[in-house]
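For the protein sequence lines, the chains are A and B, in the order given.
Using the UniProt record's numbering, you'd call the opening residue of the first sequence number 1 and step up by one each time.
Using the UniProt record's numbering, you'd call the opening residue of the second sequence number 1 and step up by one each time.
C-beta atoms are modelled at their ideal positions from N, C-alpha and C, and glycine is treated no differently.
Taking it in order: structure first as structure tokens, then the write-up.
2 protein chains.
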Amino acid sequence: MSISKTLIRNAIFVTADAENSIVRGCMAIEGDRIAFLGETPPHPIEQYDRVIDGSGKLYLPGLVNTHCHAAMSLLRGYGDDLALQIWLEQKMWPMEAKFTSEDVYWGTSLSVLEMIKSGTTSFVDMYDHMDQVAEVVRQSGIRGVLTRGVIGLCPPDVQERKLQEAIRFARDWHGQADGRITTMMAPHAPYTCPPDYIERFVQAAHDLNLPIHTHMSETAREVEANVEQYGLRPVAHLEKLGVFTRPTLVAHGVHLTDEEIATLAKYDVRVSHNPGSNLKLASGVARVIDLMRAGVKVSLGTDSSASNNNLDMFEEMQLAALIHKGVSGDPVAVPARTALRMGTAAGAESIWLDGVGTLAAGNKADFIALDIDQPHFFPRTDLISHIVYSAGGQDVADVCVNGSWVMENRVCLTLDEERIKREFAARFEGLLAR
Amino acid sequence: MSISKTLIRNAIFVTADAENSIVRGCMAIEGDRIAFLGETPPHPIEQYDRVIDGSGKLYLPGLVNTHCHAAMSLLRGYGDDLALQIWLEQKMWPMEAKFTSEDVYWGTSLSVLEMIKSGTTSFVDMYDHMDQVAEVVRQSGIRGVLTRGVIGLCPPDVQERKLQEAIRFARDWHGQADGRITTMMAPHAPYTCPPDYIERFVQAAHDLNLPIHTHMSETAREVEANVEQYGLRPVAHLEKLGVFTRPTLVAHGVHLTDEEIATLAKYDVRVSHNPGSNLKLASGVARVIDLMRAGVKVSLGTDSSASNNNLDMFEEMQLAALIHKGVSGDPVAVPARTALRMGTAAGAESIWLDGVGTLAAGNKADFIALDIDQPHFFPRTDLISHIVYSAGGQDVADVCVNGSWVMENRVCLTLDEERIKREFAARFEGLLAR
């Protein structure tokens with residue numbers, strides 16, 4: 001069978017590469033790769049299986065969400081505007097304890113649908129019932145970096161069972177779905193996993209040759225508690241446990257000292273910045289300017305839609321570009337170009353996806369098209385600025401992942417939207433009734 | 001001629017009243033007013049000229065944008081991510097100096113189109129060439145509180161001409177377009193108008209019985225300069241000049257002392273909070289929690305799309321709900337219910353619009369419908385939370401102002417979108433060439 005060849009022409013392409021180049025012309029896709037990006041197509045038009053007119057559209061790499069708990073869409077709007085502990089202890093945890101595999105399947109389906117419709121082509125998911133999540137990723141055509149997030153505050157036999165489950169999941173699914181699924185090992189957080197248990201995850205990650213993902217220093221309170229309990233702040237604590245001997249992605253990293261930032265830089269630990277969630281939960285404002293200045297790779301994540309409350313990565317890019325200016329008083333902090341790369345190229349690098357996150361010949365064909373024939377994209381001044389400061393997820397018209405179209409003209413081709421909304425609503429009603 | 005009667009049924013209505021009630025059932029519109037809101041329609045179905053099935057839609061009051069310079073859409077993305085003075089002096093001002101009436105007409109047309117498409121039904125506009133702005137408001141069906149913003153750093157004869165122009169505009173247009181247009185007097189800011197000139201605006205506002213709108217305390221630098229030049233901070237300065245003897249709306253109010261907040265409360269001065277613009281220009285974070293605690297009415301504005309960079313009021317509601325939590329560390333600060341009211345009821349009250357900003361029988365029929373049959377509006381937990389934390393302007397399906405439909409199914413019925421985009425693009429090219 002010959003490889004399918006598609007040509008997009010008359011379009012504008014934002015590459016999100018280091019130079020943030022803008023290319024006017026065409027992009028050719030062959031199989032799962034971008035074969036060409038430039039002014040004139042490499043082959044005569046008639047040699048392409050499909051030729052798409054990209055007029056009025058702006059193409060950019062698919063967005064990369066580096067921290068999510070997709071199934072928690074079931075808890076969107078369930079107990080907002082409450083103190084953190086009340087929200088967690090009285091709202092989130094009792095409901096999550098009731099989640100079945102079916103709930104996770106439909107919760108994740110709705111979230112993946114929402115991600116696709118708002119232009120996300122790769123996401124990190126840390127949750128339970130991960131086989132269901134992987135199944136949704138397989139069906140939907142999206143790219144997933146998946147990990148069973150383990151809370152270790154339980155008896156040794158339960159700890160052991162969970163660890164083995166995490167190992168089994170990571171081994172079974174790594175590289176599946178045409179390589180769209182990769183996996184990580186995820187002790188949930190320093191405050192939810194005893195030190196020796198974290199060390200066992202580090203060992204497993206070494207054995208499987210996988211990265212580690214964990215929550216770290218999200219709230220001031222958890223940092224204080226770490227110091228009280230272990231005599232160390234979280235970064236030194238995780239360093240001591242050997243976590244950073246593995247490639248590591250930490251979520252949040254809001255409360256960090258200069259010394260901790262230097263340690264993260266030294267080990268090339270990547271930080272998933274979750275501005276929407278950090279603001280909504282009043283966790284604070286991460287030291288993103290300092291992290292980036294120190295050379296730490298910072299990407300963006302939505303966290304779950306229970307604390308965001310949507311999965312629109314355009315909002316996270318915009319928040320990242322806005323809040324660090326406002327809080328630092330520096331109007332050139334986190335410019336649009338940086339925010340765009342945080343949501344694309346830096347995201348892909350942060351989760352070890354090769355050939356993803358920028359538009360270039362040879363890269364994976366993971367990209368989206370925005371409908372820019374709308375008032376808020378005029379005039380045609382700075383298109384990257386428009387993407388970050390003016391666009392929203394609803395502007396996404398088409399989505400392609402790994403060379404396959406998963407959305408065209410805002411219709412998801414891989415998932416049954418009506419059925420998902422119906423089943424999801426039923427699962428939510430069931431959770432309330434249980 | 002009998003008054004037209006419309007019935008919307010099978011719908012959900014968010015009233016945005018003091019109780020933030022949610023009504024399931026129907027709303028009847030007669031002429032320019034809401035005639036009924038409740039479970040069962042007051043008249044038999046066949047007595048209505050039009051019956052609309054509101055299933056899958058969420059109705060709420062139209063959003064109220066209390067600070068904008070609509071024509072500046074022509075400068076969206078023109079010189080972002082620059083230091084404030086470079087942006088103003090090298091980018092904004094030289095281009096604005098070239099603006100003609102035609103530019104303002106098409107710039108405002110695009111902005112009003114964008115506002116309608118993102119659910120704004122009333123807006124404050126402060127700019128030059130205001131007859132053009134009023135003309136766009138008249139044609140578009142939107143509600144406008146309009147004012148000629150005057151910079152008084154000019155010779156006495158020019159000052160006089162501008163003042164007379166502002167007076168003439170305010171007198172001519174107040175109450176026009178079926179009452180959809182009202183006017184204010186607007187000395188641009190304490191730092192751009194000499195004290196005696198501001199006093200003349202106060203006198204004119206008294207003579208015309210109109211409110212005053214001005215920029216105030218947007219940046220720390222301008223507050224310092226005010227103290228250096230006049231020996232007073234801006235609030236005391238404006239108080240001394242008699243501004244607050246008129247109903248007053250100030251934009252920004254970022255840098256305020258406790259004493260200044262108390263003064264604003266004493267005079268019932270209303271503050272238009274512009275979170276997006278304040279963050280992007282690195283002006284800082286307004287003391288919204290303290291302002292509201294002191295009893296100051298706080299509404300929301302986008303400012304211009306040169307500093308935002310769009311006119312989507314859903315973003316402003318979301319930012320208002322997020323940033324004050326994140327910066328204060330209090331997760332219950334500015335809850336969704338408050339943010340919704342800031343964008344609707346408090347907005348209308350802040351600009352002296354009676355019977356606007358809440359859904360209730362007897363009120364003006366200014367409302368919008370969101371398409372909530374989309375993933376990010378599931379599950380049906382807290383609809384107000386969904387509006388503030390999850391929705392965006394693109395979710396708006398229908399817009400009704402003063403009892404007339406200005407948008408249905410995302411098609412603007414009053415303005416020619418294609419022509420506006422075309423003419424706007426040409427005006428921008430012309431500005432660059434001039």
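Residue i versus residue j: straight-line alpha-carbon distance, rounded
| i | j | result |
| --- | --- | --- |
| residue 356 of chain A | residue 348 of chain A | 6 Å |
| residue 222 of chain A | residue 280 of chain B | 31 Å |
| residue 39 of chain A | residue 8 of chain A | 11 Å |
| residue 113 of chain A | residue 187 of chain B | 50 Å |
| residue 109 of chain B | residue 140 of chain B | 8 Å |
| residue 320 of chain B | residue 391 of chain B | 14 Å |
| residue 340 of chain A | residue 63 of chain A | 9 Å |
| residue 443 of chain A | residue 265 of chain B | Any property of residue 443 of chain A remains undetermined from this structure, which presents chain A solely from 1 to 434. |
| residue 245 of chain A | residue 197 of chain A | 16 Å |
| residue 125 of chain B | residue 172 of chain B | 16 Å |
| residue 57 of chain A | residue 13 of chain A | 9 Å |
| residue 162 of chain A | residue 132 of chain A | 16 Å |
| residue 47 of chain A | residue 366 of chain A | 22 Å |
| residue 254 of chain A | residue 329 of chain B | 12 Å |
| residue 168 of chain A | residue 92 of chain B | 59 Å |
| residue 19 of chain A | residue 61 of chain A | 14 Å |
| residue 121 of chain A | residue 66 of chain A | 11 Å |
| residue 269 of chain A | residue 243 of chain A | 10 Å |
| residue 74 of chain B | residue 2 of chain B | 43 Å |
Residue i and residue j closer than 8 Å at C-beta
| i | j | result |
| --- | --- | --- |
| residue 111 of chain A | residue 311 of chain A | yes |
| residue 17 of chain A | residue 80 of chain B | no |
| residue 299 of chain B | residue 252 of chain B | no |
| residue 411 of chain B | residue 118 of chain B | no |
| residue 437 of chain A | residue 128 of chain A | Residue 437 of chain A is absent from the structure shown; chain A starts at 1 and stops at 434. |
| residue 271 of chain A | residue 296 of chain A | yes |
| residue 250 of chain B | residue 214 of chain B | yes |
| residue 282 of chain A | residue 325 of chain B | yes |
| residue 166 of chain A | residue 191 of chain A | no |
| residue 241 of chain A | residue 195 of chain A | yes |
| residue 234 of chain B | residue 352 of chain B | no |
| residue 146 of chain B | residue 116 of chain B | no |
| residue 176 of chain B | residue 138 of chain B | yes |
| residue 336 of chain A | residue 385 of chain A | yes |
| residue 33 of chain B | residue 362 of chain B | yes |
| residue 27 of chain B | residue 359 of chain B | yes |
| residue 69 of chain A | residue 304 of chain A | yes |
| residue 427 of chain A | residue 102 of chain A | yes |
The ligand ZN heavy atom lying under 7 Å from the CB of residue i
| i | result |
| --- | --- |
| residue 27 of chain B | This structure lacks the ligand ZN, and indeed carries no ligand of any kind. |
- Task: Give, in chain order, every unbroken run of the beta strand (DSSP E) that is at least 3 residues long and sits entirely within the segment 206 to 282 of chain B.
- Result: 212 to 216, 248 to 252, 270 to 273
- Message: Give me the subset of the segment 377 to 405 of chain A whose CB atoms are less than 9 Å from a CB atom of chain B, sorted by chain position.
- Response: 377, 378, 379, 380, 381, 382, 383, 384, 385, 386, 388, 389, 390, 391, 392, 393, 394, 395
- Message: Under 8 Å, with one C-beta from each stretch per pair, do the segment 145 to 158 of chain A and the segment 92 to 102 of chain A reach the 3-pair mark?
- Response: no
- Task: Check each residue of the segment 402 to 428 of chain A: if its Cβ is closer than 8 Å to any Cβ of chain B, include it; give the result in chain order.
- Result: 417, 420, 421, 424, 425, 428
- Task: Below 9 Å between beta carbons is the criterion; list the residues of the segment 66 to 83 of chain B that meet it against any residue of chain A, in chain order.
- Result: 73, 74, 75, 76, 77, 78, 79, 80, 81, 82, 83
- Can you give me, in chain order, the residues of the segment 270 to 285 of chain B that have a beta carbon less than 7 Å from any beta carbon in chain A? 276, 278, 279, 280, 281, 282, 284, 285
- Task: Would you be able to state if there are at least three C-beta pairs under 8 Å between the segment 301 to 318 of chain A and the segment 260 to 269 of chain B?
- Result: no
- Jot down the residue ranges of each uninterrupted beta strand (DSSP E) in the segment 62 to 116 of chain B, minimum 3 residues, whole runs only, in chain order. 63 to 68
- Where the segment 331 to 351 of chain A meets chain B: residues whose CB sits under 8 Å from a CB there: 331, 332, 333, 335, 336, 337
- For the segment 173 to 187 of chain B against the segment 199 to 214 of chain B, are there 3 or more C-beta pairs whose distance is under 8 Å? yes
- Should the segment 400 to 414 of chain A be called in touch with the segment 82 to 89 of chain A, which here means at least 3 C-beta pairs below 8 Å? no
- If you pair each beta-carbon of the segment 318 to 332 of chain B with each one of the segment 270 to 277 of chain B, do three or more pairs fall below 8 Å? yes
- Item | Residues in the segment 105 to 119 of chain A having any Cβ partner in chain B nearer than 7 Å | 110, 113, 114, 117
- Query: Taking the runs of the beta strand (DSSP E) that are 3 residues or longer, which of them lie wholly in the segment 314 to 388 of chain B?
  - Reply: 367 to 371
- Scan the segment 41 to 68 of chain A for residues whose Cβ lies nearer than 8 Å to a Cβ of chain B and list them as they occur along the chain. none
- Message: Counting beta carbon pairs with one atom in the segment 361 to 381 of chain B and one in the segment 421 to 430 of chain A, are three or more of them shorter than 8 Å?
- Response: yes
- Item | Residues from the segment 214 to 245 of chain B in contact with chain A, defined by Cβ distance under 9 Å | 220
- When you check each C-beta in the segment 357 to 377 of chain A against every C-beta of chain B, which residues fall closer than 9 Å? 373, 374, 375, 376, 377
- Query: Considering only residues of the segment 143 to 212 of chain A, which uninterrupted beta strand (DSSP E) runs meet the minimum length of 3 residues and lie entirely inside it, listed in chain order?
  - Reply: 143 to 150, 181 to 183
- Task: Can you give me, in chain order, the residues of the segment 294 to 314 of chain A that have a beta carbon less than 8 Å from any beta carbon in chain B?
- Result: 305, 308, 309, 310, 311, 312
- Message: Report the start-end ranges of each beta strand (DSSP E) in the segment 10 to 67 of chain B that is 3 residues or longer and not cut off at the edges.
- Response: 22 to 30, 33 to 38, 50 to 53, 57 to 61
- With 9 Å as the limit, tell me which residues of the segment 152 to 181 of chain B have their beta carbon closer than that to any beta carbon of chain A; keep them in chain order. none
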